[in-house]
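Sequence order for the protein chains is F and E.
Numbering-wise (my numbering), the first sequence opens with residue 1059 and increments by one.
Numbering-wise (my numbering), the second sequence opens with residue 109 and increments by one.
Worksheet for the structure shown next.
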Amino acid sequence: MSAVVEVKEMSRWYGLVMGLNNVSFAIGSGLTGLVGPNGAGKSTLISIITGQLKPSSGSVSLFGEAPFNNPKVLQRIGFCPERESLPVEMRPADWLTGLGLLSGMSAASARMRADEMLERVGLAREHWQKKMGEYSKGMRQRVKLGQTLIHNPDFVVLDEPMNGLDPMGRQDVAKILKSLAAEGVSILISSHILAELETLCETNIILNWGRVIASGSQQEIRADVRNWSEELAIICDDPQRLAKVLFDAEVLAGYDINQQTDTLKIRLSEPEKFYPAWTGFLLQSGVTVYEVRGQSRSLKQIFEKVTS
Amino acid sequence: MSATEQNVRASDLEMSPSFIKGWLAMWMFTRMNRWTVLGFLLLIPLMTITIDVGSQSQFIHLVLEFYQRFLLPIYCLTIFGPLIRDEVQSDTIGFLITRPISRAKLVLLKYLVMLVKVQILAFAAATILLLVGVIRGVMVEGLIVPFFISQAVAIFAYGGIATLFGLFSKKYMVLGMIYGGVVEFSLGRIPTNVQLLSMFHHMKGILAHSEPVRDVLHWEAAGFGISAAYTLGAGAIALVLSMLLFTVREYHHADDMQK
């Protein structure tokens, strides 16, 4: 996979505050999710990648070049910011046409693409003549997505693109992003709606406190996280007794008992200590086990785990 | 236009928009506050009503001392100061600086587009003002040409300086007032070469080509060319500094701008 974005040992300070701390990763083709809680450094990272900020140390390259004030790189980027501010006095087609012109398109081509993009992002025609100051959050989000795509960029960066959209709108956006990815466009999406990132993105980057906590495909991240701890659901005849034995053996990070279903859910603090001794724990407790289920983590659970 | 042209990828487009494309885009994006427009067109002409009929001296004081010396710089400050600053404060700057256009060119285009719009507006306002002067019988002989030249170069210079102040700080109005008080009203009155720093000093040299102006205000005429060159030069320097500042300084979220 050839990397579209390469970030090497990059840090960014705001005065004494560290926004990003020595992060390294690469983004290739397809859809990549950027996950992290507020203050994790997502916006800083996006601002650096889109050439709005410079890294304090380390390097970032897009298509092999630094993006800051570099028209050659910026020409190939489409950026959809999280902020909802749009020129409130303008109509969407005019705004998109202007941005198309700034991207080097001819006036006629920019005007046609503007209409085409407004159609593509599903902004109803009856709203096209309104000024954007009258738009709802969802409509603004659609226009922002339209301006991102007006010049057919090779790399698209979307900061919380699903914000303010209803479920249908989210589906529309997901469909557009998938079709773009199928066309060979690389896409980086930051979102707090993790379930959507999970279904959309093949790879993810998890940020916290300005550091990359985990990155790679979802399987790779799951494997990483599995090495740190594990969750199991055990159905047995006496979950309380089994819990006591495991607790005494100090292998639990936490547990939960469901009396109705005789289920013991455990979170292991030291899986490497637990699994070799598992049969011993069973013998020691004397319980009869009916079923053991490994808990497959959703992206949300992984995110909660690695950011906790 | 063919379908192929429609589906052309970003990497196949011209590297940076041509001057004309950039100009067209900025013409669409650059707007003037409607109250500023109304104020420009109505305020000064309305004030001529306060002049005694036939009093050229009062007209000269109003038009030159109040309008050109005081009001025009303030108009320029309120129009050019927010030129880029407003985009930053309203968080729309990200849409522009992530386009394939250099930051210096972005500032230059925005400035030039606004300059043309303000020149048109100021020309209209000055025409109304002078017409009212004619109607009230106070029009000054030989004032029209120096008045329009002085106004045009002043807008260029004050516009550049205000753009620089706007990029330098969100408190550009305060900076402008300090500049006005120190440079235009104080240094400009000291009869040494330091007064060359004052834009209005050079405007006086242009305006004093009208004899009644010389008689009433006791200003000395200077060469049109040298006075205009000083003023235009100062504006150009301020504009180049603005372009440099916008290129090297990071303008990001509104929060960053509070610093």
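Glycine included, every Cβ here is placed at the ideal spot set by N, Cα and C.
Item to check | Segment limits, alpha helix (DSSP H) that includes F264 (chain E) | outcome: Looking at the DSSP string, the run of the alpha helix (DSSP H) that includes F264 (chain E) is I252 to F276.
Checklist entry - Helix, strand or coil: which one does DSSP assign to F148 (chain E)? => result If DSSP states are grouped into helix, strand and coil, F148 (chain E) belongs with the helices.
Checklist entry - Name the chain E residues whose beta carbon is nearer than 7 Å to that of S1143 (chain F)? => result Under the 7 Å cutoff, chain E gives S198, D199 and T200.
Item to check | Three-state secondary structure (DSSP) of R1149 (chain F) | outcome: The answer is coil: DSSP assigns R1149 (chain F) none of H, G, I, E or B.
Checklist entry - By how many angstroms is the C-alpha of L1160 (chain F) removed from the C-alpha of W1153 (chain F)? => result In this structure, the alpha-carbon of W1153 (chain F) lies about 11 Å from that of L1160 (chain F).
Checklist entry - With a CB to CB cut of under 6 Å and the five nearest residues on each side skipped, what residues in its chain are close to Q1342 (chain F)? => result In the same chain as Q1342 (chain F), and ignoring 5 residues on each side of it, the C-beta atoms closer than 6 Å to its own belong to V1303, in chain order.
Item to check | Three-way DSSP call (helix, strand, coil) for N1316 (chain F) in this model | outcome: Here N1316 (chain F) carries a strand assignment [DSSP, helix/strand/coil].
Checklist entry - Within the 8 Å Cβ cut-off, does D1173 (chain F) reach chain E? => result Chain E contact via Cβ: absent.
Next on the checklist: So, under 8 Å CB-CB, S1069 (chain F) and S1115 (chain F) are touching, yes? Tell me the CB distance rounded to an integer number of Å.
Outcome noted: About 5 Å; that satisfies the 8 Å criterion.
Item to check | Which of helix, strand or coil DSSP assigns to A1240 (chain F) | outcome: Reduced to three states, the DSSP call for A1240 (chain F) is helix.
Checklist entry - By DSSP, does T206 (chain E) sit in helix, in strand, or in coil? => result Note: T206 (chain E) maps to coil in three-state DSSP.
Item to check | Residue range of the alpha helix (DSSP H) that includes K129 (chain E) | outcome: Residues F127 to F137.
Item to check | L315 (chain E) at chain F interface by Cβ criterion, 8 Å | outcome: No, because no Cβ of chain F sits closer than 8 Å to the Cβ of L315 (chain E).
Item to check | Contact set between E358 (chain E) and chain F, taken where Cβ atoms lie within less than 8 Å | outcome: What E358 (chain E) touches in chain F: Q1110, L1111 and K1112.
Item to check | Rounded distance between the beta-carbons of L1089 (chain F) and D1245 (chain F), thought under 8 Å | outcome: Checking the sequence, you will find Ile at residue 1245 (chain F) rather than Asp. That pair is a contact at about 5 Å.
Item to check | Short Cβ contact (8 Å threshold) for E1140 (chain F) with D1230 (chain F) | outcome: No, the pair does not count as a contact, with Cβ atoms beyond the cut-off.
Next on the checklist: With a threshold of 7 Å on Cβ separation, who are the neighbours of T1108 (chain F) within its own chain once the five nearest residues in sequence on each side are excluded?
Outcome noted: Leaving aside the five residues that flank T1108 (chain F) on each side, the residues in its chain whose CB is nearer than 7 Å to its CB run, in chain order, P1125, I1135, F1137 and V1215.
Next on the checklist: Beta carbons nearer than 7 Å to chain F: which residues of the segment 129-157 of chain E have them?
Outcome noted: Cβ contacts with chain F come from K129, G130, L132, A133, M136, F137 and R139.
Item to check | Per-residue contacts from R211 (chain E) into chain F (C-beta, under 7 Å) | outcome: Against chain F, a Cβ distance below 7 Å from R211 (chain E) picks out N1127.
Next on the checklist: Quick check on DSSP: helix, strand or coil for K1323 (chain F)?
Outcome noted: In the structure shown, K1323 (chain F) sits in a strand (DSSP, three-state: E or B).
Checklist entry - Looking at chain E, which residues of the segment 1198-1232 of chain F have a Cβ within less than 7 Å of any of its Cβ atoms? => result Under the 7 Å Cβ criterion, the segment 1198-1232 of chain F contributes Q1205, H1209, N1210, P1211 and D1212.
Checklist entry - Y1147 (chain F) versus chain E: which residues are under 8 Å apart at the beta carbon? => result Looking at the sequence shown, residue 1147 (chain F) is not Tyr but Glu. R139, listed in chain order.
Checklist entry - Under the DSSP definition of a beta bridge, which residues are partnered with A1084 (chain F)? => result Bridge partners of A1084 (chain F) according to DSSP: F:E1064.
Checklist entry - Anyone know if the C-beta pair for V291 (chain E) and L305 (chain E) falls short of 8 Å? => result Going by C-beta atoms, V291 (chain E) is nearer than 8 Å to L305 (chain E).
Checklist entry - DSSP three-state call for D363 (chain E): helix, strand or coil? => result Reliability fails at D363 (chain E), whose pLDDT of 47 lies under 50, so the model's placement of it is uncertain and no value is given.
Checklist entry - P1219 (chain F) and I1247 (chain F) look like a contact to me (Cβ under 8 Å); what is the Cβ gap, rounded to whole Å? => result Yes, they are in contact, since the Cβ atoms of P1219 (chain F) and I1247 (chain F) sit about 6 Å apart, within 8 Å.
Checklist entry - Beta-carbon separation of S1327 (chain F) and A1311 (chain F) under 8 Å? => result The answer is yes: Cβ separation under 8 Å.
Item to check | Short CB-CB distance (under 8 Å) between F178 (chain E) and chain A | outcome: This model lacks chain A altogether; the protein chains it does include are F and E.
Next on the checklist: For I1106 (chain F) and P1113 (chain F), which I take to be in contact (beta-carbon distance under 8 Å), what is that distance rounded to the nearest angstrom?
Outcome noted: Between the beta-carbon of I1106 (chain F) and that of P1113 (chain F) there is about 6 Å, and that keeps the pair under the 8 Å contact cut.
Next on the checklist: G284 (chain E) and G189 (chain E) - do their beta-carbons sit closer together than 8 Å?
Outcome noted: The Cβ atoms of G189 (chain E) and G284 (chain E) lie closer than 8 Å to each other.
Checklist entry - Which residues does DSSP pair with G1136 (chain F) in a beta bridge? => result In the DSSP assignment, the residues bridged to G1136 (chain F) are F:V1214.
Item to check | Among F:L1078, F:P1334, F:A1165 and F:V1093, the one whose alpha carbon lies nearest that of L1255 (chain F) | outcome: Selected option, being the one with the closest Cα: F:V1093.
Checklist entry - On the three-state DSSP scale, how would you describe T1108 (chain F)? => result Three-state DSSP puts T1108 (chain F) in coil, outside helix and strand.
Checklist entry - Cβ atoms of E1067 (chain F) and N1080 (chain F): under 8 Å apart, would you say? => result Yes, the Cβ-Cβ distance between N1080 (chain F) and E1067 (chain F) is below 8 Å.
Next on the checklist: Classify N141 (chain E): buried if its beta carbon has 16 or more other beta carbons within 10 angstroms, exposed otherwise.
Outcome noted: Flag for N141 (chain E) reads exposed.
Item to check | Sequence ranges, alpha helix (DSSP H) only - wholly within the segment 1178-1203 of chain F, length at least 4 | outcome: Listed in chain order, there is nothing to give.
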